[in-house]
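Student:
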């Protein structure tokens, strides 16, 4: 069973927004055994949308479309779909009730453009939008299924979870795809490949191995295609065990989770707590942890000490240390880590200080110079890194490196 | 001049990574007057890649390809391109030198798979990869330009900035596209549309207006197509002024920048400083500010007070307040804001406390309940919000709302 995702909207094509919807939809489809053949982003242009629908219909069984359903002039998905299917638009009672309900709830008058949102191609079944005014639409046409949903992420997600996925599962006898991901850090892609070459070569043809490198990490993904989920899982686990044994210490986790989630899980299991003192990463490392539900069991809090004053008064860094060694130094990062450990009374503390750039570098400490420390009650360890000169990358890379140092430190102190 | 972007890799199609490369590439192309016709993500499959190259060649003049250039088995872009152009792979001296240099730098032995990275289709001009081992490739074929680059973002970005964009500019006489974005907050898309309908209707055919709604904000984007950049800019500015006048107080900025960047710019111009005390947003609001270069002029720091203990000992929230009213209350959020103001000695402080979910809600304070406060030396103002039950959305929505409250507060106190 093959699906294709089409996102409609000039804002993606001029790069004003990143298409995160498609990745989410692809994940959901994969989880029920539907493979995504292609993802296409096309413009708010009738001919272009028509052509992409045609191409998709030739390649896939299910075509999921997002975007272009707003009340304004540039939104032409609905009229284009009607033309594609050769039908007219008709007012849908349920969709109109939904629009009216939403406007009544917010005490706003119902405008002509909003009433028009209840008009849909006559060959569709509508999908109620619990979070917005544009209805989703389900079409059966030429033996294929077309689904049109709004581009607003939470509206689309609600429709997928409540209607589209259950309906697809009920209609099709779906094949099974099992994925298993091993997250590694500290080894390059080609070294891993060399290390596991014979295991990779021994994989049967229905199991594939992919390398997904990102900022000092490489995820190894095994994907198995077949019918019997128990059998596939067993096979994949066997190959995963071989890979894990071979790769050794560089394995962070055998779950497809980010490194900070692996840390939260391990710390939670050992009832350990964490605090952070971050300077150049500016809250990003804290955000990585706190985006995960349940992080409050482990993460007590952090201080983003952008100014020297904050380093002194909140974290208790000695003003003399700052004067003598500077804010980006081994001495300062250690005092920050120890300060956080004491302030938050946590079992572990991570501290980061550096020059994210693009400005603020010196000959001595160029942009990209970063000190990271990990402290617990027995030991404090600090290391210096030299990253590049792009601010966003430095922030991300520093955070990943800090996570790597932290998990190694935790594993060395059982 | 039309371009098409093709990203190659199963990891996008199974939703394991979000394609952020394409948005960046699209922005860069737009800035030099090349419109992106379509973005397609296709699998690591020879026939599929060949078909997408064919389709793209029929639609566009320039085809930019990312991904599938790694040293491992699943990377087949290079051999597929050679087959598409009907040529062989040959070893490229410069590419080999580059690979050797990188491995020597890190003191690692050069493996067979790495040496193979220097093999390229014989009809290409290589693009040096300063940040990695896979060379980029530039092809002239059938009157069209094909460029293949690695999927690793910073490797691709370097090639684009150093080679691809300058080369495209030197080859083509490019038309001009001028974009102008007005960022608004607090009004829905359809209300804005109704308010500015007559201005929208009066736009000449070479100027388009798009509505880009996101989490309580709507960006209005004017795009003008033509030849004369001065003339286009003048026209677009005229229509933008009309729109700004009509929309009134909901306009945050007339630059295409995020709301926090507008705040940083305004506060910097008035030499105002900011601190943050955030609980349920967990560092995300601080990260929004600190991702911008120069934010340290305004942003002094923040406390992420996930635990009650941190609220008390670092921010000075009264334990009695926490006991009597709870952590998510008007009383607590005000004490957090005042605490941050004093701790960091800033001119403004923002405080946030709430229940991001999915757990931790009560009948009284369900998931999505958030208190936000803005304080300066004269005044503290707090407001309660009820958002949804998705953690990530609550974190983002809360942050955007806090930004909205902050900018309004700053503008009311000139």
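Chains as they are written, first to last, in the numbering used here: chain W, 11 to 424; chain H, 11 to 424. Each residue gets a CB set at the ideal place from its N, CA and C atoms; glycine is no exception. Note that the structure is a prediction, hence the values are computed from the model and not measured.
Out of W:366, W:370 and W:240, which one is the CA nearest neighbour of residue 407 (chain W)?
Tutor: Comparing Cα-Cα distances from residue 407 (chain W) to each of W:366, W:370 and W:240, the minimum goes to W:366.
Student: For residue 236 (chain W), which residues does DSSP report across the bridge?
Tutor: DSSP output for residue 236 (chain W) lists W:186 as bridge partner(s).
Student: Contact between the stretch 310-320 of chain W and the stretch 280-298 of chain W is defined here as three or more beta-carbon pairs at a separation below 8 angstroms; is this criterion met?
Tutor: Contact between the stretch 310-320 of chain W and the stretch 280-298 of chain W is present, because at least three Cβ pairs lie under 8 angstroms.
Student: Mind listing the chain H neighbours of residue 294 (chain W)? Cutoff is C-beta to C-beta under 8 angstroms, in chain order.
Tutor: 293, 297, 300 and 301, listed in chain order.
Student: How would you write the range of the alpha helix (DSSP H) that residue 45 (chain W) sits in, first residue to last?
Tutor: Where residue 45 (chain W) is concerned, there is no enclosing alpha helix (DSSP H), although the beta strand (DSSP E) it sits in stretches over 45-52.
Student: Going by C-alpha to C-alpha distance, which of W:283, W:276 and W:319 sits closest to residue 417 (chain W)?
Tutor: Among W:283, W:276 and W:319, the Cα nearest to that of residue 417 (chain W) belongs to W:276.
Student: How long is the line joining the alpha carbons of residue 89 (chain H) and residue 228 (chain W), rounded to whole angstroms?
Tutor: Distance between the alpha carbons of residue 89 (chain H) and residue 228 (chain W): 23 angstroms.
Student: So residue 110 (chain H) contacts chain W; which residues on that side make the cut at Cβ distance below 9 angstroms?
Tutor: By Cβ distance, chain W contributes nothing, its closest Cβ being about 13 angstroms from residue 110 (chain H), past 9 angstroms.
Student: Mind checking residue 374 (chain H): buried by the 16 CB within 10 Å criterion, or exposed?
Tutor: Flag for residue 374 (chain H) reads exposed.
Student: To the nearest angstrom, how far is it from the Cα of residue 204 (chain H) to the Cα of residue 240 (chain H)?
Tutor: Spanning the two alpha carbons is a distance of roughly 30 angstroms.
Student: Starting from residue 21 (chain W), find everything on chain H with Cβ-Cβ shorter than 7 angstroms and list it in chain order.
Tutor: Under the 7 angstroms cutoff, chain H gives 220 and 222.
Student: Pairs of beta-carbons, one from the stretch 83-97 of chain W and one from the stretch 112-120 of chain W, closer than 8 angstroms: are there three or more?
Tutor: In short, these stretches do not touch, since the Cβ pair count stays below three.
Student: Considering only residues of the same chain and omitting the five flanking positions on each side of residue 58 (chain W), which have a CB-CB separation below 8 angstroms?
Tutor: Taken in chain order, the residues that qualify are 52.
Student: Using a cut-off of 7 angstroms between C-beta atoms, extract the partners of residue 82 (chain W) located in chain H.
Tutor: Chain H residues near residue 82 (chain W): 199, 203 and 221.
Student: Do you know whose CA, among W:401, W:130, W:96 and W:13, lies nearest residue 68 (chain W)'s CA?
Tutor: Comparing Cα-Cα distances from residue 68 (chain W) to each of W:401, W:130, W:96 and W:13, the minimum goes to W:13.
Student: Among the residues of its own chain, which have a CB less than 8 angstroms from the CB of residue 512 (chain H), if the five just before and after it don't count?
Tutor: No statement about residue 512 (chain H) is possible, as the shown extent of chain H runs from 11 to 424 and does not include it.
Student: According to the Cβ coordinates, are residue 459 (chain W) and residue 409 (chain W) closer than 7 angstroms?
Tutor: Only positions 11 to 424 of chain W appear in the structure, and residue 459 (chain W) is not among them; the question remains open.
Student: Considering only residues of the stretch 249-312 of chain H, which uninterrupted beta strand (DSSP E) runs meet the minimum length of 3 residues and lie entirely inside it, listed in chain order?
Tutor: 261-263 and 284-288, all fully within the stretch 249-312 of chain H.
Student: Look at the alpha carbon of residue 211 (chain W) and the alpha carbon of residue 219 (chain W), and state the distance between them as a whole number of angstroms.
Tutor: Near 10 angstroms, if we compare the C-alpha coordinates of residue 219 (chain W) and residue 211 (chain W).
Student: Given that residue 34 (chain H) touches chain W, what residues does it touch there, using C-beta distances under 8 angstroms?
Tutor: 25, listed in chain order.
Student: Can the beta-carbon of residue 192 (chain W) be found less than 7 angstroms from the beta-carbon of residue 129 (chain W)?
Tutor: Cβ atoms of residue 192 (chain W) and residue 129 (chain W): not closer than 7 angstroms.
Student: Less than 8 angstroms between C-beta atoms, sequence neighbours within five positions excluded: which residues of the same chain meet that for residue 272 (chain H)?
Tutor: So the list reads 193, 262, 263, 265 and 417, once near-sequence residues are dropped.
Student: How many Å lie between residue 26 (chain W) and residue 421 (chain W) at the Cα?
Tutor: C-alpha separation (whole angstroms): 42 angstroms.
Student: Taking the C-alpha atoms as reference points, what is the distance between residue 49 (chain W) and residue 22 (chain W)?
Tutor: Each residue's alpha carbon lies about 13 angstroms from the other.
Student: Would you list the one or two residues that DSSP bridges to residue 146 (chain W)?
Tutor: According to DSSP, residue 146 (chain W) bridges with W:137.
Student: Would you tell me roughly how many angstroms separate the C-alpha atoms of residue 326 (chain H) and residue 414 (chain H), rounded to the nearest one?
Tutor: In a straight line, the C-alpha of residue 326 (chain H) is about 26 angstroms away from that of residue 414 (chain H).
Student: Write down every uninterrupted run of the beta strand (DSSP E) in the stretch 151-182 of chain W whose length is 3 residues or greater and which is fully enclosed by it, in chain order.
Tutor: If we require 3 residues or more, the beta strand (DSSP E) runs fully inside the stretch 151-182 of chain W come out as 154-159.
Student: Buried or exposed for residue 157 (chain W), going by 16 or more other Cβ atoms inside 10 Å?
Tutor: It is buried - the Cβ of residue 157 (chain W) has at least 16 other Cβ atoms within 10 Å.
Student: For residue 297 (chain W), is the classification buried or exposed, using 16 other Cβ atoms within 10 angstroms of its Cβ as the cut-off for buried?
Tutor: When all chains shown are included, residue 297 (chain W) counts as buried.
Student: Could you name the residues of the stretch 311-337 of chain H whose beta carbon sits closer than 8 angstroms to any beta carbon of chain W, in the order they occur along the chain?
Tutor: Hits within the stretch, in order: 311, 312, 313, 314, 315, 316, 317, 319, 320, 323 and 324.
Student: Quick one: is residue 232 (chain W) buried, meaning 16 or more other Cβ sit within 10 Å of its Cβ, or exposed?
Tutor: Label assigned to residue 232 (chain W): buried.
Student: Quick one: list the residues of chain H neighbouring residue 256 (chain W), beta-carbon separation under 8 angstroms, in chain order.
Tutor: By Cβ distance, chain H contributes nothing, its closest Cβ being about 15 angstroms from residue 256 (chain W), past 8 angstroms.
Student: Identify, in the order they occur along the chain, each residue of the same chain with its Cβ nearer than 8 angstroms to the Cβ of residue 278 (chain H), setting aside the five sequence neighbours on each side.
Tutor: Here the set comprises 304, 307 and 308.
Student: Once DSSP output is grouped into helix, strand and coil, what is the label at residue 382 (chain W)?
Tutor: Strand.
Student: Looking at the C-beta of residue 268 (chain H), does it have a partner C-beta in chain W at a distance below 7 angstroms?
Tutor: Residue 268 (chain H) does not count as touching chain W.
Student: Quick one: measure Cβ to Cβ for residue 411 (chain W) and residue 382 (chain W), integer angstroms, because I've assumed they're closer than 8 angstroms.
Tutor: With a Cβ gap of about 6 angstroms, residue 411 (chain W) and residue 382 (chain W) count as contacting.
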